[in-house]
Every structure is written in C-alpha cells, then in structure tokens.
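Residue numbers (our numbering), protein chains in the order written: chain H, 24 to 79; chain W, 1434 to 1949.
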C-alpha cells in the first residue's frame, strides 16, 4: 500500500498518450505542461502522507 | 577583449563572485571539525540538518548545466525537453525509500561512497572497482559541462578573447574554486549553496513574472513558441520532430529517458556525497518531501526555452537561448545578478562532484589496490589532492577538447551510471544476488548501452528495440539486460562471499547516536 501510494505520481507520469494533449488549458498552459507540473507537488504530498503514516 | 563588456552586469557579477569566494574559505571554520579526516573533509562530518541538506542537495542536483541545457532542448525541439519533469517526479519516492537505509548502514560502517558499501555487502573488490570506475568516468564530463554552463554566461557578459585567452575568466574562477574546495571540503559548497539557491529562486521568480507581462501572458508565449517550433519542423521537411506536444514516435523515448535518468541520478558520486552528508535518515526523508520545490523551479526554467522563442531570441547554439533571453528582458544590473546565479550554480555542483570523485578514488581505487594500510589522515591528504587533479582534468577537457565531446560523454554517463543501480540498491533489501553476478550484469549493461549508442556519425541516446517503431533510451535497455544477467547468474553461482553488514544495520539510528 505504502509503495503503491509512493509510486502513484510516477505511474501517472508514465501515461504519456493520456496527457500529450493541448486542451484543457490552465492559465494558458497546455494540458501536457500543467499536468506534469501539478504532479510535482502531488508527489510531495503523497510522500508526506507516507511519512506521517510511518511516524505514527 | 573587454570592448563590448556589459560593465554594470559585469560589476554585479564580480561582486557576487567575490562574496562566494570569501564564503568558500570561511566555510572551513563552520561546524568545526578535523579537516584532516576524510569523513569531515569529504562528508562534512555527516551532520547537516534538514535545511542545510535541502540547500546542498538542491544545489548539487539542479546544476548550472541544467539551467542552460534543459531550456535549450525546449528551445530547439519543444515538448521532448520536458522529460526533465517526469524525471524529477520519479527520483524522490526512490530517494525516500532507499537512501535512509543506505545512510544508516553507511553511518554504522563508516562508508563514504557507493563502492565502500558494495564491498562491505558483497565482499567483492572487483564489483567495488566497477562501481567506483563508473562513477569517476561519468563524473568527469559532468564537471566539464558545468564549466560550459559558466562559459556561456561569461560570453554573454560581452567578454571576448582569442585562443586560450578566451578561457581566462573561466580558468581564474576554477582555480579559486579548486583552492577553497581543497581547504574547506564539502563545507564550502554547502555554505555557497545557500547563496546560489536563493539567487536562482529570485531569478526564476522575476522571469516568470516579468516575461509574461512583456509578452502578453503564458497563453501568448505558448502560442508563439508553438508557431516557431512548427516553422522549424516544416523547414526541416519533417525530419526534426518539433512542437508543443510529443510526436507519437517521441513518446517512448520521452518517458524511458525520464526513467533511465532517474535510475542514474542518485548513483552519481556527487549525489551520494550530498545525501550521505545528512545527519540522519529522517533528514533524507524530510528532504524527499521538500526537494520537489526545486523541480517546480526546474519546470519553470525549462519553459524559458519557450519564452526565448516567444521573445524572438535568435541564437545558433540553443544553449545560448537562456543567457540571451535574460539580456533581452532585464536591466543590466539584474542581468549581472542572473548570470552570477548561473555561474555560482556551476561552482556548487562542480565542487561536490570533485569531492565525490576524490572520495571514490581514494577509498575504492587507491586504498584497496595500491595502499591498503592508509591512515585516515593519508586518506584526507590524497582526496584533497585528487579533488585538485579532477578539476584540472575537467578544465583541460574544456580547453583542449571540443565541447561536443563532453556533451556526448555526459549523455553516455547517465546510461553508465544506471548500470550500478542493481549492485547498490538491490543490496539494500536483499543479499540474494551474488557479487560476481552483479559484476557480470554491470559489464553486460555497459557494453550493450555503449554499443547501442554508437553510430558512425554520433552517439545517440535512444535506440529502437523489437523492430523499427519502438525506440527506448539506451540506459533502460542496458539496465534490463543488466538485471536479467544478474538474476540468472545469481541463481546459478554459489554465493558464499563475506557480508559484513547485518539486517539491523539498515534500520534508523536512535536519535541519541546522531551528530549534533
């Protein structure tokens, strides 16, 4: 479970055909770009959750 | 030589350079330790807390060359260069899971390098040598490329020269760097990293606010860049796949490049040095959560390639795109600031890389094969000397060898580094693998990867597998072959070599045993 959670953002970044599109745009960024950028804080958040879970 | 020098920019640039020089020498007195001990000189005594580690590792992994090279690929071909983003998404979960274990065993057994650990775990000197050799081989061109990054900004300041004179500022900067690294060890880049990273953040924030204001927003930037890339692709007659999105044939190269680079990054000696200097496994975990901040910055830096296209920056060498974008949009004094940020961004990783390579040479090549009875003091003396030699070597590389050669080697370097991953990382979880099998796997990966990369005209990073429509990064292909050989031979060979580590050595240390 822990490993799956940690891998989730990486797995999402493997889905290239899914995010290799322009629409929907966000603040002018094509989907390809903002999707990948959003994955970065998401991976940070997931790691944080795993960390908190381990500390308990 | 200095007729076209941008004086205001050059003055600010020099000011910051002087500041970090002073810091580099002062750092010897910071968190006082015996610098004649390799553990202190080469690893800062393993006592950097979460904040220092964040700046140090960030400054270590996101190099000046990154600031120059990643946007240059977006400038040249578009979306393909954005592979750097999935790449950074992959590394941190990996760091979180594996490096606290490596840190714990390294701390208990006084390992300084990946080679040290591999020897302790598998009791195989030749596997240790293979890991050490790969690290040094891949690091040398990487240091050289930091110099390339620096030279691009020095050129953009308006410094002109002929022959060897054209390299004068770079040589001076590098000699100073070599001297304070020699004196202060890892403390120097750790202290300078604070200045460097804060400067880079300021530079990036300014760029992502100012540039869209001047060019009419991000939508307009993407549209203009897309049009410029489409024109480029059309002009090449469809030979260059350039655009805001990946061409279908670029998808596998894109993601396999991200995966392969991710496998490689943490294996570099400078990554080991940066991460192992943390004061605990928890420091590393906290950093795996906090370091992605740098990745967001990297993504924004990457987009500067598009900003340069949208701003109409025309350069023949794409690596000049970012320096010329900075020149085009910022006032002179701030140009000096940004260029100083990039140049100092070269000094920090160059220092850590030379320390990592020097530690590796001392511990894993010289000590086991030439002079086994070395004392801790002798180790430190040799490592300091090696850090100088490594830097002189990198400088000579830039002065006398075409830059393209360094670029090609760097490309191969990532592929090579990924081949030590099984020996270092698999061992953290299981001792099932045999040292000889891992060595055979490594050799297979090195040969296959290098062979795939070779073509009569150039070294290429990706190669087709299973027919003609399916191209994959060589580092990944070679890695798979490496693992298959390692597993097969481990199942066949007897595995009786000594293992000096025990399962409990990999667990976190109690808080009371950590350095303050």
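We put the beta carbon where it would ideally sit given N, CA and C, even for glycine.
Model, not experiment: these values are computed from the prediction.
Give me whichever residues DSSP pairs with residue 1896(W) in a beta bridge.
DSSP lists 1905(W) as partners of residue 1896(W).
Apply the 10 Å Cβ neighbour rule to residue 1642(W) and answer buried if 16 or more other Cβ atoms are within range, or exposed otherwise.
exposed
Are the beta-carbon atoms of residue 1600(W) and residue 1831(W) separated by less than 9 Å?
yes
Tell me the DSSP secondary structure of residue 1511(W) in three-state form.
strand
Short of 9 Å Cβ to Cβ, which residues in the region 1642-1671 of chain W face chain H?
1645, 1650, 1651, 1652, 1653, 1654, 1655, 1656 and 1659
Could you work out which residue in 1689(W), 1671(W), 1729(W) and 1578(W) is closest to residue 60(H) when comparing CA atoms only?
1729(W)
I need the boundaries of the alpha helix (DSSP H) containing residue 1702(W), first residue and last residue.
It spans 1702-1709 - the alpha helix (DSSP H) in which residue 1702(W) sits, taken as one unbroken run.
What is the DSSP secondary structure of residue 1736(W), counted as helix, strand or coil?
helix
Please determine if the region 1533-1546 of chain W and the region 1706-1723 of chain W are in contact, where contact requires at least 3 C-beta pairs separated by less than 8 Å.
yes
Could you name the residues of the same chain whose beta carbon sits closer than 6 Å to that of residue 1769(W), not counting the 5 residues immediately before and after it, in chain order?
So the list reads 1442, 1445 and 1446, once near-sequence residues are dropped.
In its own chain, which residues sit with a C-beta less than 7 Å from the C-beta of residue 1482(W), not counting the 5 before and 5 after it?
Excluding positions up to five away in sequence, the list reads 1712 and 1716.
Measuring alpha carbon to alpha carbon, tell me which of 1504(W), 1485(W) and 1500(W) ends up nearest residue 1740(W).
1504(W)
On a CA-only basis, which of 1910(W), 1788(W), 1834(W) and 1846(W) is nearest residue 1477(W)? Give me that one, please.
1788(W)
If contacts are defined as beta-carbon pairs under 8 Å, then residue 1637(W) and residue 1490(W) qualify, I think. What distance do you get, rounded to the angstrom?
Contact between residue 1637(W) and residue 1490(W) fails: their C-beta atoms lie close to 18 Å from each other, not under 8 Å.
Output, in chain order, the set of chain H residues within a Cβ distance shorter than 7 Å of residue 1728(W).
63
Going along the chain, which residues of the region 1521-1540 of chain W sit with their C-beta nearer than 8 Å to a C-beta in chain H?
1521, 1522, 1523, 1525, 1526, 1529 and 1530
If you drop the 5 nearest sequence neighbours on each side, which residues of the same chain put their C-beta closer than 6 Å to that of residue 1561(W)?
Spatial neighbours of residue 1561(W) in its own chain (CB-CB distance under 6 Å, excluding positions within 5 residues in sequence) are listed in chain order as 1548, 1551, 1552 and 1797.
Out of 29(H), 44(H), 34(H) and 30(H), which has the shortest C-alpha to C-alpha gap to residue 1680(W)?
44(H)
Along the chain, which unbroken stretches of the alpha helix (DSSP H) at least 4 residues long are found entirely within the region 1841-1879 of chain W?
1854-1858
State buried or exposed for residue 1937(W), treating a residue as buried only when at least 16 other CB atoms are found within 10 Å of its CB.
exposed
What span of residues does the alpha helix (DSSP H) with residue 1438(W) cover, start to end?
No alpha helix (DSSP H) contains residue 1438(W), which DSSP labels as neither H nor E.
Do residue 1867(W) and residue 1922(W) have their beta-carbon atoms positioned less than 9 Å apart in this structure?
yes
Could you name the residues that DSSP lists as bridge partners for residue 1468(W)?
Residue 1468(W) is not bridged to any residue.
Would you mind working out which of 1545(W), 1656(W), 1572(W) and 1531(W) sits nearest residue 1840(W), comparing C-alpha positions?
Nearest in C-alpha terms to residue 1840(W), of all of 1545(W), 1656(W), 1572(W) and 1531(W), is 1572(W).
Is residue 1757(W) a contact residue of the ligand SAH, with contact defined as CB to any heavy atom under 8 Å?
This structure lacks the ligand SAH; in fact it carries no ligand of any kind.
Can a CB atom of chain W be found closer than 9 Å to the CB of residue 40(H)?
yes
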